[in-house]
Every structure is written in structure tokens, then in C-alpha cells.
Amino acid sequence: MLFKNIETERLLLRNIDIEDRDFIFSMFSDDTVNRYLFDADPLTKIKEADEIIEFYMKPEPRLQHRWIIIRKSDGVKMGTCGFHFWQKDSNKVEISCDLKEEFETNGYMQEAFKEIISFAKTDMLIKEITASIYVANERAIKLIESLGFVLSDSRYEVFRKNKYLHKIYSLNLEVS
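Position 16 of the sequence shown, counting from 1, maps to 17 under the numbering used here, and the rest follow consecutively.
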């Protein structure tokens, strides 16, 4: 199995599982968590959480993965992070995350991202990681820039017939 649980000093990044059903529903039915997500409406039924979990639990090899971010000190589930759109032929992947509002500004996401970036480089042999971030999501932009990502492009995402401008950031992992 390629995707494994990952530990940091303060966090356990655990592979998403059916036992996360209530947490996933709580996360993605929360308007604050969803304010910058322009790919699906907030969840309204628990079975929608099951669909998300099933998507990320497809058998390997798969082109996406999600970890639940758990604080080791008390076992509290705080958010998720992972990869989308793995292009194996070009060794590229997109990174993404979400965090409950009460856990923001504690450095948890930076800690998690450092580890999954390392995982992407060493275990997945990724050469470039991208992040697509809505222009108003200043906290995510600051996080990505602090990790060495550079602005490389922009594009509009269309959601519910509206256009939302996203900045595209890239991190080159190739050793020169």
C-alpha cells in the first residue's frame, strides 16, 4: 500500500476511513469550511459523507488521496489534507486541505503539508506540486507561499454558473 498513515510532532495524518463519516459530514456541511470550496455544495445528508469517503478509499493505484488530520495530544479530528489529479506520467499532483475554523492559526496545516510534501517527493516520486486557491483565501495563499510555492498561473473555476478566479501555485521538487 502506497498511502500510509503519517506522524508529525503534534499530528497523526490517518488515511480516511468509514469511521470518519460523522467528521466528514461535520466538515463539509460547515459553511465556514466551504466558503472557498467551489466544487460541490455543502453536505446536507450523511450519505453524501459516505460518497466522499468511498471516493478516497478506492483501491490503489488511485489518483487521489485524503488524510484526516488528528491532534495527537487529545485525538481530536481537525481537518483533512491530501492530493488530487495525480498525473503519474508527468509526476505532478495537486495538494489541498481544509481545517475547522477553531484550529486555524496554530501551524497545524503547515506541519501537515511539510510531511505530505515530503511523502509526495520520496514515496510518490512527484516532481511538481500545484495548489489552486481562490483569490480571497488569503490564509491559504500565505501558507502555500511560506512552503516555497510560487505563483505560476491563474484560472477561473465555474461553480453554479458563477466564475471564481483561482491562483495556481507550483512547487518544484526536482533536484537540480
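Beta carbons: idealized from backbone N, C-alpha and C, even for Gly.
Three-way DSSP call (helix, strand, coil) for residue i in this model
i, result
"Ile-69", "strand"
"Ile-127", "coil"
"Ser-133", "strand"
"Phe-150", "coil"
"Glu-105", "coil"
"Leu-3", "coil"
"Lys-89", "coil"
"Ser-155", "strand"
Where the alpha helix (DSSP H) through residue i begins and ends
i, result
"Ile-96", "Per DSSP, Ile-96 belongs to no alpha helix (DSSP H); it is in the beta strand (DSSP E), 93 to 100."
Residue i vs residue j beta-carbon contact at 8 Å
i, j, result
"Phe-39", "Glu-116", "no"
"Ile-142", "Ser-155", "no"
"Phe-84", "Ala-121", "yes"
"Thr-131", "Glu-175", "no"
"Cys-98", "Met-110", "yes"
"Lys-73", "Leu-13", "yes"
"Ser-239", "Pro-43", "In the structure as shown, the chain starts at 2 and stops at 177, and residue 239 therefore has no counterpart that could be examined."
"Arg-63", "Thr-81", "no"
"Gly-149", "Leu-126", "no"
"Asn-163", "Lys-128", "no"
"Ile-54", "Ile-25", "yes"
"Arg-22", "Ala-41", "no"
"Glu-103", "Thr-9", "no"
"Ile-145", "Ile-134", "yes"
"Val-77", "Ile-71", "yes"
"Tyr-37", "Asn-138", "yes"
"Asp-124", "Leu-3", "yes"
Run of the beta strand (DSSP E) containing residue i, from where it starts to where it stops
i, result
"Ser-222", "Nothing can be reported for residue 222, as the shown portion of the chain is limited to 2 through 177."
Test: residue i CB closer than 8 Å to a CB of chain C
i, result
"Lys-78", "Within the model displayed, chain C is absent; a lone protein chain is all it includes."
Item checked: At least three beta-carbon pairs within less than 8 Å, the segment 11 to 27 to the segment 51 to 65 -> yes
Note to self: Going residue by residue through the segment 5 to 65, where are the continuous alpha helix (DSSP H) segments of at least 4 residues, counting only ones entirely within it?
What the structure shows: 22 to 29, 32 to 35 and 47 to 57
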